[in-house]
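Asks: In this note's numbering, each residue carries its 1-based index in the sequence shown increased by 12.
Quick reminder that beta carbons are idealized off the backbone N, C-alpha and C, glycines included.
Please see the structure below; I have some questions.
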Amino acid sequence: MSCIRRAWQAHARIAARALVAASLAWLAAGAAHAQPSGTGGFPSRPVRIIPYGPGGSPIDLLARAYAEQLRLAWGQPVVVDPKPGASGILAADAVAKAPPDGYTLLITLQTTHINNPILHDKLPYDAARDFQPLSQLAIGSGPVLVAAASAPYSNLAELKDYARKHPSLTYGTWGTGTIAHLFGELLRHEAIPGLIHVPYKTESIAHQDMEAGRLDLAWANPGTARNMSQAGKMKVLGVPGRQRAPILAAVPTFLEQGLKGFELEGWIGAYAPAGIPPAVRDKLVASLQAATRTDDVRARIVDLGFQPVANRPDEFIANARADYARFKQLVDAAGVTLKN
């Protein structure tokens, strides 16, 4: 056998071994990518996010921003499926009864897990038992009190003076038992005895009635209030929380205007059904935290008047427990009672 042929055969054997080694490495890498440690390849099919509120609501739009970032990260469709109505009870119940596999998530305000359990003696879900808290995504000042741009009052002192002569003022919220309702009842209890609550399905419908003169006051998330006031359609009378809202820096808080009890902060959180595998839980938490750090999601959170947080499940649970006690005090002070 010629030296050239022997050299060619040796080269071929080396090349073949290299090809086999490269193929095995590629297959191992592909398997590792397809089967992340402990997650069973999660997600391997579409994931569904159920937001608090109807389609087009602020939380729905935020959920869609998260869905897009999760889709990019996972390479799987993430579908937003709103279930409006009943102060978030329908949305929360749908997630509570979903299979505990991580493929159904809830993005919600504190109403579903704090307000509703306090106000309702019967719920179709157990807020503590039926959910796996994932992350408290954002914390904010809560809804702000607004009036039509043409209203004859521009702050709480002027509102109280007007109410003395017009004792049956109405205020609109996006549902009974929401933080807006609690704040409204606290305002009635502390300053304006004749206030009458008018619940709506969405805040936008309440705002339309207020602009049309069919409603005296309403509550709005800070982002909506900022946009509508800049457009000359409403004025902001007061902001809850311990500090002024960054996007409404010119508007004094209720406390600055002499009214206590409005210092509670609202929040937005993400939940899965209880019992999901720990590895899937951890991947969901990490993915939500990464999504919160993206420019698009952060901008949407800030535009709502909230600040991004995206904490760990244990931090979320501790904060929620503390908030339960604070909201219970607000409910008692506001004198709100509901019957199932």
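1. Just curious, the beta strand (DSSP E) that residue 230 is in, first and last residue?
2. Taking 8 Å as the threshold, find out whether the region 138-148 comes into contact with the region 297-310 through three or more Cβ pairs.
3. Helix, strand or coil for residue 283, going by three-state DSSP, please let me know.
4. Use the C-beta contact count for residue 200: other C-beta atoms within 10 angstroms, 16 or more gives buried, fewer gives exposed.
5. Suppose only complete runs of 4+ residues qualify. What are the alpha helix (DSSP H) ranges in the region 222-310, listed by chain order?
6. Which two residues bound the contiguous alpha helix (DSSP H) that contains residue 204?
7. Residue 83 to residue 56, Cα distance in whole Å?
8. Quick one, which of 283, 225, 70 has its alpha-carbon nearest residue 328's?
9. Three or more C-beta pairs closer than 8 Å, one from the region 183-193 and one from the region 216-230: is that the case here?
10. Going by C-alpha to C-alpha distance, which of 173, 299, 259 sits closest to residue 154?
11. Which term fits residue 76, buried or exposed, when burial requires 16 or more other beta carbons within 10 angstroms of its beta carbon?
12. Count the other CB atoms, across all protein chains shown, that sit within 10 Å of the CB of residue 253; report buried if there are 16 or more and exposed otherwise.
13. Helix, strand or coil, according to DSSP, for residue 195 in the structure here?
14. Report the three-state DSSP secondary structure of residue 76 (helix, strand or coil).
15. Consult DSSP for residue 146 and reduce its assignment to one of helix, strand or coil.
16. Which residue comes first and which comes last in the alpha helix (DSSP H) that contains residue 175?
17. Which of the three DSSP states is assigned to residue 318 in this structure?
Replies: Once the coordinates are examined:
1. Start and end: 229-232.
2. Touching, yes.
3. Collapsing the DSSP output to three states places residue 283 in a strand.
4. Around the C-beta of residue 200, 16 or more other C-beta atoms lie within 10 Å, and the residue is accordingly described as buried.
5. As far as the region 222-310 is concerned, its whole alpha helix (DSSP H) runs of at least 4 residues are 234-242, 290-304.
6. Here residue 204 belongs to no alpha helix (DSSP H), and DSSP marks it neither H nor E.
7. The straight-line gap from Cα to Cα measures roughly 12 Å.
8. Here the closest residue by C-alpha is 283.
9. Counting Cβ pairs under 8 Å, three or more are found: they touch.
10. Looking at the Cα atoms, 259 is the closest of the given residues.
11. By the neighbour-count rule (16 or more Cβ atoms within 10 Å), residue 76 is buried.
12. When all chains shown are included, residue 253 counts as buried.
13. Residue 195 falls in the helix class under three-state DSSP.
14. Secondary structure at residue 76: helix, using DSSP grouped into helix, strand and coil.
15. The answer is strand: DSSP assigns residue 146 an E or B state.
16. Note, residue 175: alpha helix (DSSP H), 168-177.
17. Here residue 318 sits in strand by DSSP.
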